[in-house]
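Q:
Numbering (the numbering used here), first residue to last: 20 to 428.
#1: Looking at residue 164 and residue 435, is the spacing between their C-beta atoms short of 8 Å?
#2: How big is the Cα-Cα spacing for residue 324 and residue 138?
#3: At the level of alpha carbons, what is the spacing between residue 77 and residue 377?
#4: Give me the Cβ distance between residue 289 and residue 265, rounded to the nearest whole Å; I'm assuming they're in contact under 8 Å.
#5: Please state if the CB of residue 347 and the CB of residue 335 are separated by a distance shorter than 8 Å.
#6: Could you say which of 214, 256, 270 lies nearest to residue 247 if we only look at CA atoms?
#7: Might you give, ordered along the chain, the residues of its own chain that have their beta carbon closer than 7 Å to the beta carbon of residue 430, omitting 5 neighbours on each side?
#8: Which ranges would you report for the beta strand (DSSP E) in the stretch 124-170 if only whole runs of at least 3 residues count?
#9: What is the DSSP secondary structure of residue 60, reduced to helix, strand or coil?
#10: Does the stretch 78-90 come into contact with the stretch 30-46, if we say contact requires no fewer than three beta-carbon pairs (one atom in each stretch) closer than 8 Å?
#11: Between residue 252 and residue 229, how many whole angstroms is the CB-CB distance? I'm expecting something under 8 Å.
#12: Among residues of its own chain, excluding the 5 on either side of residue 128, which ones have a beta-carbon nearer than 7 Å to its beta-carbon?
#13: Let me know if residue 220 comes out buried or exposed under the rule of 16 or more other beta-carbons within 10 Å of its beta-carbon.
#14: Hey, could you find the ends of the beta strand (DSSP E) residue 120 is sitting in?
#15: What span of residues does the beta strand (DSSP E) with residue 256 cover, start to end?
#16: Do residue 134 and residue 92 come within 8 Å of each other at the CB atom, strictly closer than that value?
#17: Decide if residue 144 is buried, meaning its Cβ has at least 16 other Cβ atoms within 10 Å, or exposed.
#18: If distances are taken between C-alpha atoms only, which option among 295, 384, 371 comes closest to residue 353?
#19: So for residue 217, helix, strand or coil by DSSP?
#20: Assign residue 274 to one of two classes, buried (16 or more other C-beta atoms within 10 Å of its C-beta) or exposed (fewer than that).
#21: Between the alpha carbons of residue 69 and residue 97, how many angstroms are there, rounded?
#22: For residue 233, which option in 256, 218, 151, 240 has the closest C-alpha, if you only look at C-alpha atoms?
#23: Does residue 53 come out as helix, strand or coil in the three-state DSSP assignment?
#24: Are residue 121 and residue 189 closer than 8 Å when you measure CB to CB?
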């Protein structure tokens with residue numbers, strides 16, 4: 020990498036690490052290039068398991084440059100590591116300037132092959148092929164250049180070029196929030212909040228008038244609540260059913276009388292059937308929308324290491340002695356078992372502080388709880404990056420051969 024692309028500090032990010040890679044292993048590898056000031060493998064704050072990345076800090080920028088040039092994509096315990104300059108300024112990463120998206124990649128193209136192809140056009144800050152949990156390529160990747168000019172040249176030169184066995188499409192990367200969303204066409208709808216006696220006959224009677232139904236099914240969750248999926252022949256029929264029936268009140272007069280004033284009525288929900296990934300994206304977007312924090316009263320706590328049988332009610336029971344709880348949820352999987360974590364929201368900061376003080380590391384059903392302030396993913400990642408930068412809890416100086424006493428085992 021040319022010296023012009025190097026920042027004026029000597030910190031490298033090392034990613035795609037095997038779970039059992041330690042600071043000692045990284046020190047042995049990187050110290051062969053030049054004197055290392057400090058090393059940190061980032062770990063989960065509770066389990067202490069590796070997060071798969073770390074930081075290596077050299078005394079000299081020239082040594083860091085040499086390590087980047089010679090060790091990038093080298094094998095560490097059988098897996099090619101990915102090295103890039105540690106970017107302290109989050110605005111540089113999030114701005115999108117110089118960032119390109121590469122689609123229709125040959126599945127055999129890895130990080131190194133992608134880097135070798137695109138490094139011809141300028142200094143690369145980061146380069147990655149998107150992979151699934153099994154490590155196989157998803158067929159697309161990202162290249163972030165130091166300058167917008169390099170990105171433009173890469174798009175002009177590589178777009179439409181054959182790499183491996185496929186012709187790739189190279190475009191400027193556009194953040195999801197900035198993309199133009201085309202109207203979604205759908206025929207499959209999801210229905211919930213139906214009466215306990217809801218069956219196929221009632222389904223066809225209620226939904227059959229909006230068009231030809233090609234398939235339908237009524238299901239029941241672990242709590243005995245019924246829901247359904249209905250597929251129409253045309254998009255127009257599905258949209259009409261959603262427009263006409265969503266929000267309809269199917270409660271009996273007796274149920275309406277029993278309805279508590281402070282409870283929201285369970286009206287019929289009819290909407291486009293979504294994949295799990297789509298629902299997760301919508302929830303995340305809603306949670307990070309402007310004004311969300313203002314609407315959510317109180318302080319939200321994150322609780323980890325919960326038993327698989329933990330329910331919303333039992334989680335609330337654990338924490339309600341500390342003050343007024345405005346909301347509580349124990350996150351469940353598809354089998355209605357607790358995923359091991361949940362959230363408890365208190366009405367005031369004092370109540371939340373008391374709960375953290377009393378409940379953090381308290382053993383419940385044989386497990387020590389982790390209780391802390393709930394953070395957005397981006398905020399947590401940024402805090403970890405700041406924490407593991409030079410001079411912030413990293414390996415200390417003064418050890419033999421430059422290795423400090425703070426190095427992990």
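Glycine residues also receive a C-beta, built at the ideal position from the N, C-alpha and C atoms.
A: This is what the structure gives:
#1: No answer is possible for residue 435: it lies beyond the span of the chain, which begins at 20 and ends at 428.
#2: 44 Å
#3: 42 Å
#4: 4 Å
#5: yes
#6: The residue with the shortest Cα to Cα distance from residue 247 is 214.
#7: Residue 430 cannot be examined here, being either before or after the span of the chain that is shown, 20 to 428.
#8: 143-150, 156-164
#9: strand
#10: yes
#11: About 11 Å separates the two Cβ atoms, so there is no contact after all.
#12: 148, 156, 182, 183
#13: exposed
#14: 118-122
#15: First-last for residue 256: 254-264, but that is the alpha helix (DSSP H), not the beta strand (DSSP E).
#16: yes
#17: buried
#18: 295
#19: coil
#20: Burial call: exposed.
#21: 16 Å
#22: 256
#23: DSSP, reduced to helix, strand and coil, places residue 53 outside both helices and strands of the structure shown, so it counts as coil.
#24: yes
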